[in-house]
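Engineer:
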Amino acid sequence: MSKNVFSGTMPALMTPCKADRTPDFDALVKKGKEMIDAGMSAVVYCGSMGDWPLLTDAERMEGVERLVDAGLPVVVGTGAINSKSAAAHAAHAQKVGAAGLMVIPRVLSRGSSATAQKHHFKAILDAAPDVPAIIYNSPVYGFATRADLFFALRAEHKNLIGFKEFGGKDDLRLAAEHITSQDDQVTLMVGVDTEVYHGFVNCGATGSITGIGTALPKEALLLAALAQKAAKGHAEARKRALELEEAFGVLASFDEGTDLVLYYKHLLVLNGEDEYILHFNETDVLSDAQRNYCEQQYTLFRSWFADWSAQGGIIAECM
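Quick note: the sequence shown uses numbering that gives the first Met the number 0, first residue 0, plus one each step.
#1: Could you check what DSSP says for F24 in three-state terms: helix, strand or coil?
#2: Answer with buried or exposed for R239, where buried requires no fewer than 16 other C-beta atoms within 10 angstroms of its C-beta.
#3: Does the beta-carbon of L221 have 16 or more other beta-carbons within 10 angstroms, so that it is buried, or is it exposed?
#4: Just reading off the alpha helix (DSSP H) that Y292 is part of, what are its end residues?
#5: Using a threshold of 8 Å, state whether the C-beta atoms of V185 and F199 are closer than that.
#6: Does the stretch 95-115 come within contact of the stretch 36-50, defined as at least 3 CB pairs closer than 8 Å?
#7: Alpha carbons only, please: which of A204, L148, G141 is nearest the one belonging to R172?
#8: Within the continuous alpha helix (DSSP H) that includes L322, where are the two ends?
#9: If I follow the unbroken beta strand (DSSP E) through V73, where does it start and stop?
#10: What is the DSSP secondary structure of Y135, reduced to helix, strand or coil?
#11: Between the stretch 49-68 and the stretch 292-306, are three or more C-beta pairs nearer than 8 Å?
#12: Taking only runs that begin and end inside the stretch 145-218, name each unbroken alpha helix (DSSP H) of 4 or more residues, in chain order.
#13: Pull up the distance between the alpha-carbon of K157 and that of W303, whole angstroms please.
#14: Please report the straight-line C-alpha distance between E244 and R237, rounded to a whole angstrom.
#15: Could you tell me whether the stretch 265-285 touches the stretch 223-234, where touching means 3 or more Cβ pairs closer than 8 Å?
#16: If we count Cβ pairs, one from each stretch, closer than 8 Å, do we get three or more for the stretch 64-76 versus the stretch 104-118?
#17: Is the CB-CB distance between S207 and A224 below 8 Å?
#18: Using the rule of at least 16 other Cβ atoms within 10 Å of the residue's Cβ for burial, across every protein chain shown, is G210 buried or exposed?
#19: Where does M34 sit, in a helix, a strand or coil, going by DSSP?
#20: Inspect the beta-carbon positions of T213 and Y263 and report whether they are closer than 8 Å.
#21: Using beta-carbon positions only, say whether L12 and K30 come within less than 8 Å of one another.
#22: I need the boundaries of the beta strand (DSSP E) containing L100, first residue and last residue.
#23: I need the straight-line Cα distance from S308 to F5, nearest angstrom please.
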């Protein structure tokens, strides 16, 4: 089995567009390399941030293969309308040498059925038995995997090694209390930017998947490092992690909303990355008010961070 990739902080890559609104895989690989060079442990593609519903299966597979061929550790999202397509993405991930799978529940058809979801998960795990996998819990997908289903699957599929929780505090607590704390070989990944501190400190997470980290990698990595020290009882790290998470609040909250890709692509544009100006659908744009609010909050955060981070101490140690 491949090395366990599910630790550290990894960004959920967005798919940049060319002028004709087709995927720009050169820019995708460039971004992936930048993220690893910044200190990220791996990259995720295609989750919700990658706009998987807007890409063809062939486009998604090409993106995965390009990232792997560039030497990057890649966690592949298996989101699909049907189990056959999801399993095909898993099989492709194993074939090209991806480092991990993010197993997304069955959607639209029988999505609330635990039995249907079990067979869906099994099809994906069977298709890539040598690739470490985590199940993705998210209110967006309308199904929550609970302990009985998780451990029934794990008993048959040793490549199922963890859990990504995109829900809020209560969902992370539930995952920790009833699933990941039962077996120290099971990994918990924080899947939402607003709960990094809670996930590491209160729920024993071993890693996080970040959206805001695509635009602010240094800051996202610092928050994770402070939270990990706080989880070991470091008092100053606890204080500083809470300060940073509070300041991150508005920007991180974009991760929870339906326009997350629109917001985070705009932040990359503000960073000078023009390949993220366009979206696949021409009508997918922020309103003037949303864009102005985003820019105001980004400016505020960057000004605050420049001042706050100059304090030294545990901040300097973790940067």
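Glycine included, every Cβ here is placed at the ideal spot set by N, Cα and C.
Structural biologist: With the structure as the only source:
#1: Note: F24 maps to helix in three-state DSSP.
#2: If you draw a 10 Å sphere on the C-beta of R239, you find 16 or more other C-beta atoms in it, and that means buried.
#3: L221 is buried by the Cβ-count criterion.
#4: Element bounds for Y292: 287-307.
#5: Cβ atoms of V185 and F199: not closer than 8 Å.
#6: Counting C-beta pairs closer than 8 Å gives three or more between the stretch 95-115 and the stretch 36-50, which meets the contact rule.
#7: Ranking A204, L148, G141 by Cα distance to R172 puts A204 first.
#8: Missing from the structure shown is residue 322; the chain here goes from 0 to 318 and no further.
#9: For V73, the enclosing beta strand (DSSP E) covers residues 73-76.
#10: Looking at Y135 - three-state DSSP - the assignment turns out to be strand.
#11: As far as the Cβ criterion goes, the stretch 49-68 does not touch the stretch 292-306, which means the pair count is below three.
#12: Taken in chain order, the complete alpha helix (DSSP H) segments of 4 or more residues contained in the stretch 145-218 are 146-155, 168-177.
#13: If you take the alpha carbons of K157 and W303, they lie about 45 Å apart.
#14: It is roughly 11 Å from the alpha-carbon of E244 to the alpha-carbon of R237.
#15: With the cut-off at 8 Å, the stretch 265-285 and the stretch 223-234 do not touch.
#16: With the cut-off at 8 Å, the stretch 64-76 and the stretch 104-118 do not touch.
#17: Cβ distance not < 8 Å, so S207 and A224 don't count as in contact.
#18: Per the 10 Å Cβ criterion, buried.
#19: When secondary structure is reduced to three states using DSSP, M34 falls in the helix class.
#20: Result yes, Cβ atoms of T213 and Y263 sit closer than 8 Å.
#21: Contact flag set, yes.
#22: Per DSSP, the continuous beta strand (DSSP E) segment holding L100 begins and ends at 99-102.
#23: Computed Cα separation, rounded: 28 Å.
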